[in-house]
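Novice:
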Amino acid sequence: MAQTNPPFMTGVPELLLLRLLAQREMYGYELVRAVRLTTGEAISLGEGVIYPALHSLERQGALKSKRKAVDGRTRVYYSLTALGRRRLERLQGEWQRIQTAVTAALENPGRA
Amino acid sequence: MPELDFVSLQNRLVQQGVAARYARRLAGELAEHYEDLRDEAIGTGFLPDEAACFAEEQLGSADEILSAVFHRPELRSWIYRYPRVARIALPVAFVALLPAVPVFAGMNHADSLLRWTCCAMLSALFTALLMLCLQLSIALA
Numbered sequence: 072m073a074q075t076n077p078p079f080m081t082g083v084p085e086l087l088l089l090r091l092l093a094q095r096e097m098y099g100y101e102l103v104r105a106v107r108l109t110t111g112e113a114i115s116l117g118e119g120v121i122y123p124a125l126h127s128l129e130r131q132g133a134l135k136s137k138r139k140a141v142d143g144r145t146r147v148y149y150s151l152t153a154l155g156r157r158r159l160e161r162l163q164g165e166w167q168r169i170q171t172a173v174t175a176a177l178e179n180p181g182r183a
Numbered sequence: 112m113p114e115l116d117f118v119s120l121q122n123r124l125v126q127q128g129v130a131a132r133y134a135r136r137l138a139g140e141l142a143e144h145y146e147d148l149r150d151e152a153i154g155t156g157f158l159p160d161e162a163a164c165f166a167e168e169q170l171g172s173a174d175e176i177l178s179a180v181f182h183r184p185e186l187r188s189w190i191y192r193y194p195r196v197a198r199i200a201l202p203v204a205f206v207a208l209l210p211a212v213p214v215f216a217g218m219n220h221a222d223s224l225l226r227w228t229c230c231a232m233l234s235a236l237f238t239a240l241l242m243l244c245l246q247l248s249i250a251l252a
């Protein structure tokens, strides 16, 4: 059974999805594979629950989607909008700030 | 997950206040994802039944998917997100649209409506002529 992601992962799937879609447009199945590959399988998103996350981002204007017929199948490809790029920049900045702070706290716990 | 389950999932989403159009789209994308997983498993040497089980396990249970949707209120229909607005807007919209119903019905049954209108106008004209004759006979008597 796959290891479950820790509870402090809130917001991380969204950041990963936006980051991957900033490179190129992808469909859901491709995205799940890309998350696994780029994180070395350290983070695995529930394959079925990725779609509500994508649809929510689309509803908020961060993503746009279009249907494409590929190899006899209809795929829904997602790509980033200008709003999504701004959101990605903001989330990346926040993530790096928190990562720096947590790393500092873990390395020097007695500084406080 | 058998294909029929996607229909059941779609129905459950609609029953829980998710817009039908969105529920249909989600079920469609999940079904495509399931097909991809199954094909991938068959490609790596799984038997068809094993591949179906693998795909089902990877995709997650219907309850997990439903829970993920319900944790995002923006995916629910506006009637569920703004029930107070819906309680006011829907009756008002219904009353506003009510007069338009005969128009739409008329557009669908234009021939019958034209015949009915001609008959009504002829009968009104006949009645008016009768009334005129009566008035004239009273006036000239």
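Taken in order, these protein sequences are the chains called A and B. The opening residue of the first sequence carries number 72 in our numbering; numbering runs sequentially from there. The opening residue of the second sequence carries number 112 in our numbering; numbering runs sequentially from there. Where is the CB? At the ideal position from N, CA and C, for every residue including glycine.
Under 8 Å between the Cβ atoms of A:S136 and A:V147?
Specialist: Working through the first sequence from its first residue, we reach residue 136 of chain A at position 65. Working through the first sequence from its first residue, we reach residue 147 of chain A at position 76. In this structure, A:S136 lies near A:V147, with their beta-carbon atoms less than 8 Å apart.
Novice: Mind listing which residues of the stretch 177–188 of chain B have their C-beta closer than 7 Å to chain A's C-betas, in chain order?
Specialist: A179, V180, R183, E185, L186
Novice: Does the distance from the CB of A:A113 to the CB of A:L91 come in under 8 Å?
Specialist: The residue you call residue 113 of chain A lines up with position 42 of the first sequence. The residue you call residue 91 of chain A lines up with position 20 of the first sequence. Remark: C-beta atoms of A:A113 and A:L91 do not approach each other more closely than 8 Å.
Novice: From the DSSP output, which residues share a beta bridge with A:R144?
Specialist: In the first sequence, counting from the first residue as 1, residue 144 of chain A sits at position 73. A:R144 pairs with A:V141.
Novice: Please list the partners that A:G99 has in chain B, where partner means a Cβ-to-Cβ separation under 7 Å.
Specialist: Reading the first sequence from its first residue, position 28 is the one you call residue 99 of chain A. Ordered by position in chain B, the residues that pass the 7 Å Cβ test against A:G99 are E140, H144.
Novice: Specify, as a first and last residue, the run of the alpha helix (DSSP H) that A:A93 falls within.
Specialist: Taking the first sequence and counting its residues from 1, the one referred to as residue 93 of chain A is at position 22. Note, A:A93: alpha helix (DSSP H), 83–94.
Novice: Buried or exposed: where does A:A133 fall if 16 or more other Cβ atoms within 10 Å of its Cβ makes it buried?
Specialist: On the first sequence, residue 133 of chain A is found 62 positions in, with the first residue counted as 1. Buried, since its Cβ has 16 or more Cβ neighbours within 10 Å.
Novice: Determine, using beta carbons only, whether B:R149 and B:A138 come nearer to each other than 8 Å.
Specialist: For this step, residue 149 of chain B is matched to residue 38 along the second sequence. For this step, residue 138 of chain B is matched to residue 27 along the second sequence. Going by C-beta atoms, B:R149 is not nearer than 8 Å to B:A138.
Novice: For B:G154 and chain A, any beta-carbon pair shorter than 8 Å?
Specialist: Within the second sequence, the letter at position 43 stands for residue 154 of chain B. No, B:G154 does not count as interfacial toward chain A.
Novice: Could you name the residues of the same chain whose beta carbon sits closer than 7 Å to that of B:A162, not counting the 5 residues immediately before and after it, in chain order?
Specialist: Walking along the second sequence from the start, residue 162 of chain B turns up at place 51. The residues are R149, A152, I153.
Novice: When Cβ atoms are compared, which residues of the stretch 101–119 of chain A fall closer than 7 Å to chain B?
Specialist: Result list: G117, E118, G119.
Novice: One question on the structure: do B:V65 and B:V129 come within less than 8 Å of each other, judged by their Cβ atoms?
Specialist: Lying before the first or after the last residue shown, residue 65 of chain B is absent from chain B, which here runs from 112 to 252.
Novice: If you draw a straight line from the alpha carbon of A:G111 to that of B:L120, how long is it in whole angstroms?
Specialist: For the purposes of this step, residue 111 of chain A is taken as the residue at position 40 of the first sequence. For the purposes of this step, residue 120 of chain B is taken as the residue at position 9 of the second sequence. Rounded to whole angstroms, A:G111 to B:L120 spans 32 Å at the Cα level.
Novice: Taking buried to mean at least 16 other C-beta atoms within 10 Å of its own C-beta, is B:D147 buried or exposed?
Specialist: Residue 147 of chain B sits at position 36 when you count from the first residue of the second sequence. Buried, since its Cβ has 16 or more Cβ neighbours within 10 Å.
Novice: Give me the residue from A:S115, A:A93, A:R95 with the minimum Cα distance to A:V83.
Specialist: Here residue 83 of chain A is taken as the residue at index 12 of the first sequence, counted from 1. Nearest C-alpha to A:V83: A:S115.
Novice: From A:R144, A:L128, A:E118, A:M97, pick the residue whose C-alpha is nearest to that of A:L159; which is it?
Specialist: The residue you call residue 159 of chain A lines up with position 88 of the first sequence. Of A:R144, A:L128, A:E118, A:M97, the residue nearest in Cα terms is A:L128.
Novice: Measuring alpha carbon to alpha carbon, tell me which residue in B:Y193, B:T155, B:L141 is nearest B:G171.
Specialist: As a working mapping, residue 171 of chain B is identified with position 60 in the second sequence. Checked all of B:Y193, B:T155, B:L141; the closest Cα to B:G171 is B:L141.
Novice: Where do the N-terminal and C-terminal ends of the alpha helix (DSSP H) with B:I199 fall, by residue?
Specialist: Locating residue 199 of chain B in the second sequence gives position 88, where the first residue counts as 1. 194–208 is the span of the alpha helix (DSSP H), which, as asked, contains B:I199.
Novice: Considering Cα atoms alone, identify which of B:G156, B:P159, B:Q246, B:A173 is closest to A:P123.
Specialist: In the first sequence, the residue the question calls residue 123 of chain A occupies position 52. Out of B:G156, B:P159, B:Q246, B:A173, B:A173 has the C-alpha closest to the C-alpha of A:P123.
Novice: Run down chain B in chain order and give the residues with a C-beta less than 8 Å from the C-beta of A:R146.
Specialist: Numbered from its first residue, the first sequence carries residue 146 of chain A at position 75. At a beta-carbon threshold of 8 Å, the residues of chain B lying near A:R146 are E143, ordered along the chain.
Novice: Report the start-end ranges of each alpha helix (DSSP H) in the stretch 120–158 of chain B that is 4 residues or longer and not cut off at the edges.
Specialist: 131–154
Novice: Quick check: what's the CA-CA separation for B:R192 versus B:E185?
Specialist: Numbered from its first residue, the second sequence carries residue 192 of chain B at position 81. Numbered from its first residue, the second sequence carries residue 185 of chain B at position 74. So the two alpha carbons sit approximately 8 Å from each other.
Novice: Whose Cβ in chain B lies nearer than 7 Å to the Cβ of A:P123?
Specialist: In the first sequence, residue 123 of chain A corresponds to position 52, counting from 1. Under the 7 Å cutoff, chain B gives A179, V180, R183, L186.
Novice: With which residues is A:S150 paired in a DSSP beta bridge?
Specialist: What you label residue 150 of chain A is simply residue 79 of the first sequence in a count that begins at 1. Per DSSP, A:K135.
Novice: Does B:H182 pass the burial test, meaning 16 or more other C-beta atoms within 10 Å, or should it be called exposed?
Specialist: Stepping through the second sequence from its first residue, residue 182 of chain B is reached at position 71. Exposed, because fewer than 16 other Cβ atoms sit within 10 Å of the Cβ of B:H182.
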